[in-house]
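Have a look at the structure below, then the notes.
Number of protein chains: 2
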Amino acid sequence: MNWRFSRQAGALSSSIIREILKLTQKSDIISFAGGVPEPRLFPIPEITEVTIKVLKNNVAQALQYGITEGYLPLRELLAERMQGYGIKADADNILITQGSQQGLDLLGRIFFDPGDTIITELPTYLGFIQSSSAYQVKFRSIHMDDEGLQVDHLEELLCQNLSPKLLYVLPNFQNPSGVTLSLERRRQLSQLSLKYSLPIIEDDPYFELRYDGEHIPHLSSMECAENCIFLNTISKIITPGHRLGWVVAPKEVIRRLVQAKQAADLHTNSFSQRVIYEYCAQGYLDGHIKYLCQEYVKKRDAMLEAIEKYFPPQMRWTKPQGGLFVWATLPEGVVSSQRLLERCVDAGVAFVPGSAFYPDGDGNNAFRLSFSTATEEEIEVGIKRLAGVLWEVCQEAPSRLTAAQQ
Amino acid sequence: MNWRFSRQAGALSSSIIREILKLTQKSDIISFAGGVPEPRLFPIPEITEVTIKVLKNNVAQALQYGITEGYLPLRELLAERMQGYGIKADADNILITQGSQQGLDLLGRIFFDPGDTIITELPTYLGFIQSSSAYQVKFRSIHMDDEGLQVDHLEELLCQNLSPKLLYVLPNFQNPSGVTLSLERRRQLSQLSLKYSLPIIEDDPYFELRYDGEHIPHLSSMECAENCIFLNTISKIITPGHRLGWVVAPKEVIRRLVQAKQAADLHTNSFSQRVIYEYCAQGYLDGHIKYLCQEYVKKRDAMLEAIEKYFPPQMRWTKPQGGLFVWATLPEGVVSSQRLLERCVDAGVAFVPGSAFYPDGDGNNAFRLSFSTATEEEIEVGIKRLAGVLWEVCQEAPSRLTAAQQ
Chain A
1 MNWRFSRQAG
11 ALSSSIIREI
21 LKLTQKSDII
31 SFAGGVPEPR
41 LFPIPEITEV
51 TIKVLKNNVA
61 QALQYGITEG
71 YLPLRELLAE
81 RMQGYGIKAD
91 ADNILITQGS
101 QQGLDLLGRI
111 FFDPGDTIIT
121 ELPTYLGFIQ
131 SSSAYQVKFR
141 SIHMDDEGLQ
151 VDHLEELLCQ
161 NLSPKLLYVL
171 PNFQNPSGVT
181 LSLERRRQLS
191 QLSLKYSLPI
201 IEDDPYFELR
211 YDGEHIPHLS
221 SMECAENCIF
231 LNTISKIITP
241 GHRLGWVVAP
251 KEVIRRLVQA
261 KQAADLHTNS
271 FSQRVIYEYC
281 AQGYLDGHIK
291 YLCQEYVKKR
301 DAMLEAIEKY
311 FPPQMRWTKP
321 QGGLFVWATL
331 PEGVVSSQRL
341 LERCVDAGVA
351 FVPGSAFYPD
361 GDGNNAFRLS
371 FSTATEEEIE
381 VGIKRLAGVL
391 WEVCQEAPSR
401 LTAAQQ
Chain B
407 MNWRFSRQAG
417 ALSSSIIREI
427 LKLTQKSDII
437 SFAGGVPEPR
447 LFPIPEITEV
457 TIKVLKNNVA
467 QALQYGITEG
477 YLPLRELLAE
487 RMQGYGIKAD
497 ADNILITQGS
507 QQGLDLLGRI
517 FFDPGDTIIT
527 ELPTYLGFIQ
537 SSSAYQVKFR
547 SIHMDDEGLQ
557 VDHLEELLCQ
567 NLSPKLLYVL
577 PNFQNPSGVT
587 LSLERRRQLS
597 QLSLKYSLPI
607 IEDDPYFELR
617 YDGEHIPHLS
627 SMECAENCIF
637 LNTISKIITP
647 GHRLGWVVAP
657 KEVIRRLVQA
667 KQAADLHTNS
677 FSQRVIYEYC
687 AQGYLDGHIK
697 YLCQEYVKKR
707 DAMLEAIEKY
717 FPPQMRWTKP
727 QGGLFVWATL
737 PEGVVSSQRL
747 LERCVDAGVA
757 FVPGSAFYPD
767 GDGNNAFRLS
777 FSTATEEEIE
787 VGIKRLAGVL
797 WEVCQEAPSR
807 LTAAQQ
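Below you can see the structure in the form of structure tokens.
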């Protein structure tokens, strides 16, 4: 059979991370590649307790079809939680999704036509590049500095009459860069959103994993709130396997998303929605987040200390206040991070090359390091291995290096 | 904010069944509208047992991210099960989906471009109309008789140079009509598929709920197998709340579906995949299906007997050998089934008007009755109420009726 696939099928691609994960199956590799949470930190006794509770009480309802919007008590609970962060929402502003990835996909479905212009940070989240690419959009990207998205550059872009469909931002401890958008920049962004009627997707899976500094208000709680669509998920703060995320948006947007989700999969897993509702209703979540922060900060510190100790002086890296990722940058022209990865895998350590996070495939002199699943000891050993290769490549390319540093 | 939605968003609609479900919230209504399985038949002790087993053994893996294709032991088990029905498949031919609805949506994504022609039975499954409409396809439909799709008419259509993307069929106890495609027709269809290189989506959620007669081989087990994509789900034979379906297809198609699913939601719920794997691995499924058939056949018989007893002689209806649905037809021009529904709701009974199952909104003289969730007593009472309204409308329109019967 000569299958005739759609244009959208032609725009789909496999995640580079999947390919890397295959590389890192060798048992002696220390992997900083995956962005998955540390399974040793899953709240197993509490999940067991609430799962058994769901099995005992009205389990038939938990095994039956449910409404597309999601289990009402869970939406009410999440709305209240969002309100605690200054995001005005009631249950009707919330759609439960099959993880945040489905939120991104459904948003693409209701907003993106082929050829639409979408603005992102640079680098940006790989999963957004994947889901949006399928809708054949054009990406315009804005570089970040230590305070996040360079809002001045955004305004320059907005003056160009591109009529972008929306802006996609990950404001806290961004995946992949670890960078946080500063309060001042958020305020500027809020004003720009209002001035240019620019919708914003605020994708924020990590904000509660903050290890230093104070919580910064969400864009979705600022003046531009009515232009904002907020995405959140339990994947990094409870468990990813339950595939549970949610979208907070104006009712007009939720109505469209519900129609799209109905066509996509009818509704999210009823059983898992009730398990997670019970977990939250029992009051376990805040204590667990505090515990996660206590544990992840040790891993982050171990990684930053090892980097400081072992990396050659030509390297630059970010110092995330939370989340799971450090972004490291080589001087331009030394070696591609793809080639670097091959050498590192031989040396027993892995990461994700920066190009995975650039819609145009650029970003070749950077890479993402995740400190989530390695132990502190493995982090020290892994960074030492990585640094060994970095010293080699920097010494191999002294002339280009000097030129690049000038 | 003036939200600028996509063209695809404009092609989405809400399910009429959702609207009807709102109508039927009144406690004294006997509803034959929903197509959901009987929750009193869920295998709750066994699900409880295997869920606790998953919680006890390697639960961290069941709570972690998984691969897009789905949990390998589950795919191996399903492949073996499919082989038992003559469908050649190994684990690499299977993608685990978030219910069959996601299978349909992902197939739309990888196959359908706006303007493509899709062939369906008439009537056809509402969820397929919904998901495909979003991809802005054109439907060409072929009427059914007691043996299912009229294959002669299909060949006439195939001769017209329409270059259809594919044929979508529900061969067993079709939702909504209850009709089964005969063996002879399947053989003819297999030949046509080969002759015209016509891909077939064989959507078969009900085939194991057979109450009379012998299993008929699947199209996917016939000569045309390599042109076939087979969809199945646990929703009607175990539980719908776990949202678990699967696609069986050639590897080339699976590869594209995996890419599409990765962009759509990364993967299906890890926990539920393991629960359902354990349920099947414990050997519970076949016995449970036997039990379901014993129980559902009583409901089917109760409905057919009540219809026989109470319906006016002008009515026609199907006699399904399995599944959950009976399809009833009024003489043309008596009353629209939408208007009939309003009167029936006043009389305390509900169904789904036929137009929901016609891509062009036709089908106004027919309606779908589900016998799955009402008790035998409720079925008797509900059909009596419905028959009361049918006698009225048939008497109100004697002249048109007579004309239509000639």
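Chains as they are written, first to last, in my numbering: chain A, 1 to 406; chain B, 407 to 812. Where is the CB? At the ideal position from N, CA and C, for every residue including glycine. Please read all numbers here as calculations on a predicted model, not as lab measurements.
Using a 10 angstroms sphere on the CB of S569(B), the tally of other CB atoms stays under 16, which defines it as exposed.
By the Cβ criterion, the segment 31-38 of chain A is not in contact with the segment 245-254 of chain A, since fewer than three pairs of Cβ atoms, one from each stretch, lie closer than 8 angstroms. A direct Cα-Cα distance of roughly 18 angstroms separates N499(B) from Q507(B). P479(B) and P331(A) have their C-alpha atoms spaced approximately 46 angstroms apart. A direct Cα-Cα distance of roughly 18 angstroms separates I453(B) from Y477(B).
Each of R185(A), V297(A), L340(A) was checked against the Cα of T375(A), and the nearest Cα belongs to V297(A). At a cut-off of 8 angstroms between beta carbons, R481(B) makes no contact with chain A.
Nearest neighbour of Y279(A) by Cα position, chosen from T239(A), G108(A), L369(A), turns out to be T239(A). The beta carbon of V248(A) does not come within 8 angstroms of any beta carbon belonging to chain B, so the residue lies off that interface.
Think of a sphere of 7 angstroms around the beta carbon of N227(A): the chain B residues whose beta carbon falls inside it are M407, in chain order.
Beta-bridge partners assigned by DSSP to T526(B): S547(B), Y574(B).
In the three-state reduction of the DSSP assignment, D105(A) falls in the helix class, which pools H, G and I.
DSSP places E782(B) within a helical segment (H, G or I) once states are collapsed to three.
For the segment 693-706 of chain B, the set of residues with a beta-carbon nearer than 9 angstroms to any beta-carbon of chain A is empty. In the DSSP assignment, G728(B) forms a beta bridge with R616(B).
When secondary structure is reduced to three states using DSSP, L95(A) falls in the strand class.
Counting along the chain, no alpha helix (DSSP H) covers I201(A); the unbroken beta strand (DSSP E) around it starts and ends at 200-203. Segment contact: the segment 741-754 of chain B against the segment 763-774 of chain B, three or more CB-CB distances shorter than 8 angstroms; contact assigned. As for any alpha helix (DSSP H) of minimum length 4 sitting wholly inside the segment 172-200 of chain A, the runs are 183-195, ordered along the chain. Judged by DSSP in its simplified three-state form, F367(A) adopts strand.
Interface flag for P39(A) against chain B is set, since a Cβ pair is found closer than 8 angstroms. Counting the other Cβ atoms within 10 Å of the Cβ of C565(B) gives fewer than 16, which makes it exposed. Within 8 angstroms of the CB of E658(B), the CB atoms of chain A belong to W3, in sequence order along the chain. Close to chain A, meaning a Cβ-Cβ distance shorter than 8 angstroms, are the following residues of the segment 602-636 of chain B: S603, P605, E632, N633. Between the alpha carbons of P199(A) and L189(A) lies a distance of about 11 angstroms.
R316(A) carries a strand assignment under DSSP once its states are collapsed to helix, strand and coil. Between the alpha carbons of L63(A) and L231(A) lies a distance of about 26 angstroms. Taking C-beta atoms as the reference points, P623(B) and R592(B) count as a pair closer than 8 angstroms. With a cut-off of 8 angstroms on Cβ pairs, the segment 455-463 of chain B is in contact with the segment 679-695 of chain B, counting three or more such pairs. Sixteen is the threshold: since fewer than 16 other Cβ atoms of the shown chains lie within 10 Å of the Cβ of H621(B), the residue is exposed. According to DSSP, residue pairing for W327(A) in a beta bridge involves R368(A). I29(A) and A350(A) do touch by the CB rule: their CB atoms are close to 6 angstroms apart, below 8 angstroms.
Assigned with DSSP and collapsed to three states, V787(B) falls in helix.
For G354(A), the secondary structure class from DSSP, reduced to helix, strand or coil, is helix. Closest by C-alpha distance to S372(A), out of P171(A), A11(A), F32(A), is F32(A).
Under the Cβ criterion (8 angstroms, minimum of three pairs), the segment 513-520 of chain B counts as touching the segment 532-550 of chain B.
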